[in-house]
Amino acid sequence: MGKLRSAITRFIFAVLLLGISLLLVDCGAEAIAYGMVLTEDPEAPTGITLSAASGATIEFRTQNGETVDGVPAETMQIPHLVLHRNGALTAAPERTLVVKVSGIAVPPGGVTVTLAVETQHGDPDRWGTGVSHPRVARCAVDCGFDGKYRWHGGIHARVSIGYDAGRKCAPHAHGLLSLSGDSHRCR
Amino acid sequence: MLPTPTDYFHYQVTLTAAGDVVPRLVFEQEYAFLMEDQVVVTLSQVQEMTNGAAPDELVLYYYDMISYQNRVAEAVHQLSRAEVPAYVQGQLAPRMAEAFRVQSDVWGFPWYEEWTSYRGGVDTERLSVTLHDGKTWYHSAAPAGGDSRISLNASDNIGSASYASLTERLMSSYQHELFHNIQRNIGLHYSGNGDVSGKDLAWQFFAEGTAVLASTVGEFDAEFAGGPGESYYVLNANKFIGGDGFYGKLNKRYPEMDAYSPAVYWRFLYERCGGMQVVREALTTLYSGEVVDIQTSTDVVANLSLVMDRALAGASCPFTTYRESLNAFARALYALHVEGGRCVSLGQPGLCGFYDPNHKYNGPTINQLTYTGTPLIYNVAEQPYPAGIPSSFGIDYVEIELNQAADAQALTLDIYGIPGAAAVFDVQVWQLVVDGGERLLPIGDTVTLTANSDGRLIHTFPASSNRAAQRLAVIITRVDAQETLDPVGAYTLEVCSE
């Protein structure tokens with residue numbers, strides 16, 4: 000029974016990710032990964048990809064494009080989301096981040112996937128100058144069961160992935176976006 | 000309610016098996032994605048040489064996790080994050096759209112179909128503005144000040160320049176960078192090249208000088224505001240003019256001079272020639288390549304008078320040659336010292352030189368001499384370093400205090416260079432009354448000295464006029480382009496009685 004459930008779990012997860020992956024654009028940015036390999040298939044190594052649901056990307060260069068101490072800037076294409084245009088929320092695909100985790104062999108008891116995102120800059124309202132202050136603003140994001148993470152203007156709709164066999168993920172909380180340093184863990 | 004932040008984002012994804020505490024797998028990445036806000040404004044229909052040549056939209060890209068702030072003296076004024084969207088959409092965007100209309104239609108710069116932004120994709124043919132922190136790549140490199148893409152620093156002042164508000168600072172930069180687009184528009188049309196500064200950036204005298212001017216014309220109140228601090232223009236103008244013992248850049252070779260401080264010459268032309276027509280003529284002449292190919296030549300000095308002669312001939316100025324404009328410019332700078340020498344309205348006729356309602360300009364440093372009744376000789380041995388006028392188009396100012404011995408004498412002023420040397424000088428003299436020990440009151444207008452058959456510039460002031468004058472201001476301008484042949488520019492000034 001355990002084996003069967005594990006197989007079903009893996010199947011459902013794979014189907015969800017396959018559906019999402021159709022929307023993906025490989026952005027080429029390399030994530031740091033550490034921990035155990037969670038794949039049983041050497042042909043399908045564990046990996047992660049982020050993309051905008053709209054498919055939009057934008058060039059980013061580290062070190063503001065400069066060579067620093069002999070280290071050249073890195074250039075990458077990263078997902079490009081637009082939250083508001085002329086003060087109004089954009090169409091959902093423009094502000095939806097799609098996260099694809101692949102090559103996962105879900106253990107029999109299920110797996111909790113947690114996404115935490117942080118702004119690269121600290122909160123200028125708290126630190127004033129925006130220069131050299133710690134990055135404190137974290138925003139947990141809504142994680143739809145389909146793996147799409149969507150921001151809503153002003154409201155942080157925290158929808159978690161609670162992924163285990165036989166249980167569909169559902170929204171379980173809505174609240175204000177926190178800039179207090181809390182990170183939201185999906186469960 | 001706190002607004003959702005817009006920024007570059009780091010993410011971390013963890014996968015934790017049921018019952019585990021420690022994640023089995025963690026993914027994380029810095030600058031993994033960008034989420035921003037945008038404001039899109041439809042631009043006015045403006046002059047264009049072909050249908051559709053002008054950009055139709057202005058797009059502002061911004062994110063709110065950087066500081067939108069302005070420093071004035073010791074105070075820092077910062078918008079809260081919640082204020083940023085309304086500020087960008089309600090204040091900045093309308094002013095930027097209006098500036099586009101004014102630069103295009105009021106200043107008279109029609110758009111050509113060859114214009115393109117430096118940006119790619121959807122931005123290629125539209126005007127776009129990014130607001131950044133000066134440190135983080137955002138749509139392109141984030142410059143310390145501005146960039147002609149148009150990329151503006153919302154977080155920091157531009158060096159030591161000071162503006163009364165964030166809007167004034169950003170609009171000043173925007174006017175400047177927008178004008179680079181106007182320049183590129185002309186360059187692409189006439190020569191197919193959008194490199195407005197030319198080979199080795201040698202032609203920044205035109206590109207940056209006129210872009211700084213654009214800020215003063217578009218944002219006059221911001222650039223010339225009263226109160227503490229100096230705007231970017233005033234800061235640079237005073238670097239050029241000098242004052243308080245500092246000689247500024249009046250005798251700096253143009254190839255070695257920074258690109259921004261000569262903007263004061265362009266401001267002078269704008270004021271004296273009644274608007275931007277003279278600038279349009281100059282840029283069109285330069286970028287047409289009919290006088291000089293700026294993509295292959297770096298010789299600004301040799302070509303400056305050729306370009307400007309043609310530009311001034313096509314404009315409505317009180318002078319028709321570069322040489323004449325240079326002399327008028329030198330006189331206007333000296334006028335900053337004299338009573339009534341600062342205009343109280345734009346284009347005011349009479350003795351005044353620059354429109355300067357809040358006294359933001361310094362007066363140039365003057366070399367002081369005294370005539371005591373015996374012949375006075377002022378040559379390279381007496382002149383401060385560097386003696387003479389070593390650079391083409393350089394300017395020296397000398398004041399000669401006339402003591403009572405001069406009252407009953409006719410005085411002859413004789414100025415000459417080294418025979419056979421390449422340097423050529425023009426000289427103007429202003430007779431002044433010193434009122435209350437401080438105020439300099441001019442007696443009439445300047446006298447322009449004319450060369451005799453030996454090339455010496457000689458003028459005799461009759462005794463009757465010297466009874467009124469207490470001081471002579473001598474304005475010496477080097478007007479040749481031969482600074483490499485004559486890098487000293489030696490001259491001698493003599494004063495003697497008849």
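If you're matching them up, the sequences are chains A and B in order.
Here numbering that gives the first Met the number 0 is used: the first residue of the first sequence is 0, the next is one more, and so on.
Here numbering that gives the first Met the number 0 is used: the first residue of the second sequence is 0, the next is one more, and so on.
We treat Cβ as the ideally placed atom computed from N, Cα and C, and that holds for glycine.
What number of angstroms, rounded off, separates the C-alpha of residue i from the C-alpha of residue j?
i      : j      : result
B/G107 : B/V195 : 19 Å
B/Q68  : B/Y30  : 24 Å
B/D355 : B/L345 : 9 Å
B/G435 : B/A467 : 15 Å
B/H138 : B/V87  : 17 Å
A/A91  : A/A52  : 8 Å
A/G64  : B/M34  : 20 Å
B/N361 : B/A262 : 15 Å
B/K198 : B/L282 : 16 Å
A/T89  : A/P78  : 16 Å
B/A96  : B/G133 : 23 Å
B/Y415 : B/V233 : 34 Å
B/L268 : B/A141 : 33 Å
B/D485 : B/L303 : 18 Å
A/G146 : A/A87  : Low per-residue confidence applies at A/G146: pLDDT is 36, beneath 50, and the placement is therefore not dependable, though the value from the model is reported in the following sentence. Taking the straight line joining both Cα atoms gives about 24 Å.
B/I475 : B/D395 : 5 Å
B/A334 : B/E289 : 36 Å
B/I417 : B/D257 : 30 Å
A/E73  : A/A30  : 14 Å
B/L42  : B/R100 : 8 Å
B/Y286 : B/V428 : 37 Å
B/Y231 : B/V71  : 13 Å
B/I399 : B/I442 : 15 Å
B/G242 : A/L82  : 52 Å
A/Q76  : B/Y259 : 35 Å
B/L126 : B/D36  : 16 Å
Mapping DSSP to helix, strand and coil, what is residue i?
i      : result
B/A201 : coil
B/E338 : coil
B/K238 : helix
B/I157 : coil
B/A206 : helix
B/Y500 : Residue 500 of chain B falls outside the range modelled here, since chain B spans only 0 to 497, and no answer is possible.
B/F318 : coil
B/Y86  : helix
B/E113 : coil
A/H132 : For A/H132, the predicted structure reports a pLDDT of 36, less than 50, and the residue's modelled location is therefore unreliable. The matter cannot be settled from this model.
B/T364 : coil
B/W429 : strand
B/P441 : strand
B/I417 : coil
B/F392 : coil
B/Y189 : helix
B/M34  : strand
B/D406 : coil
Nearest CA to the CA of residue i: which residue from the options?
i      : options                        : result
B/V105 : B/Q44, B/R80, B/T115           : B/Q44
B/G393 : B/V423, B/D413, B/E400         : B/V423
B/Y377 : B/T283, B/C495, B/D479         : B/C495
B/G225 : B/S463, B/S304, B/S79, B/S164  : B/S164
B/T5   : B/D19, B/Q46, B/R118, B/H131   : B/H131
B/N192 : B/S116, B/E222, B/R309         : B/S116
B/L188 : B/H9, B/L332, B/V300, B/T284   : In the sequence under discussion, the amino acid at residue 188 of chain B is His, which differs from the Leu named in the question. B/H188 has its Cα closest to that of B/T284, out of B/H9, B/L332, B/V300, B/T284.
B/E207 : B/Y162, B/R266, B/D220, B/N250 : B/R266
B/S324 : B/G352, B/V299, B/T295         : B/G352
A/T45  : A/F59, A/Q62, A/G102           : A/G102
B/V487 : B/F178, B/R80, B/L401, B/R252  : B/R252
B/F204 : B/I365, B/T483, B/P254, B/P93  : B/P254
Heavy atom of the ligand PLP less than 7 Å from the Cβ of residue i, yes or no?
i      : result
B/V478 : Among the components of this structure there are no ligands whatsoever, and the ligand PLP is therefore not found.
Does the segment 380-390 of chain B come close enough to the segment 240-259 of chain B that 3 or more CB-CB pairs lie under 8 Å?
-> Remark: three or more beta-carbon pairs, one from each stretch, lie closer than 8 Å, so the segment 240-259 of chain B and the segment 380-390 of chain B are flagged as touching.
Closer than 7 Å, Cβ to Cβ, to anything on chain A: give me those residues from the segment 5-19 of chain B, in chain order.
-> Cβ contacts with chain A: T5, D6, Y7, F8, H9, Y10, Q11, V12, T13, L14, T15, A16, A17, G18.
Taking Cβ-Cβ distances below 8 Å as the criterion, which residues of the segment 26-37 of chain B are in contact with chain A?
-> So the close ones are F26, E27, Q28, E29, Y30, A31, F32, L33, M34, E35, D36, Q37.
Using 8 Å as the Cβ pair cut-off and three pairs as the minimum, do the segment 271-280 of chain B and the segment 306-316 of chain B touch?
-> Counting Cβ pairs under 8 Å, three or more are found: they touch.
Return the residues of the segment 78-89 of chain A that lie within a Cβ-Cβ distance of less than 7 Å from chain B, sorted by chain order.
-> Per Cβ criterion, the list reads P78, H79, L80, V81, L82, H83, R84, N85, G86.
Is it a yes or a no for the segment 139-148 of chain B touching the segment 52-60 of chain B, going by three-plus beta-carbon pairs under 8 Å?
-> Judged by Cβ distances under 8 Å, the segment 139-148 of chain B makes no contact with the segment 52-60 of chain B, as fewer than three pairs qualify.
Between the segment 401-421 of chain B and the segment 338-352 of chain B, do at least 3 Cβ pairs fall closer than 8 Å?
-> Output reads no: the segment 338-352 of chain B does not touch the segment 401-421 of chain B.
Say whether the segment 111-124 of chain B touches the segment 182-195 of chain B, bearing in mind that this needs 3 or more beta-carbon pairs closer than 8 Å, one atom from each stretch.
-> Yes, they touch.
Name, going along the chain, the residues of the segment 80-102 of chain B whose beta-carbon falls closer than 7 Å to a beta-carbon of chain A.
-> Residues passing the 7 Å Cβ filter: R80, P84, Q88.
Report the residues of the segment 114-129 of chain B with a CB closer than 7 Å to any CB of chain A, ordered along the chain.
-> Residues passing the 7 Å Cβ filter: none.
Report the residues of the segment 61-74 of chain B with a CB closer than 9 Å to any CB of chain A, ordered along the chain.
-> The residues in question are Y62, D63, M64, I65, S66, Y67, Q68.
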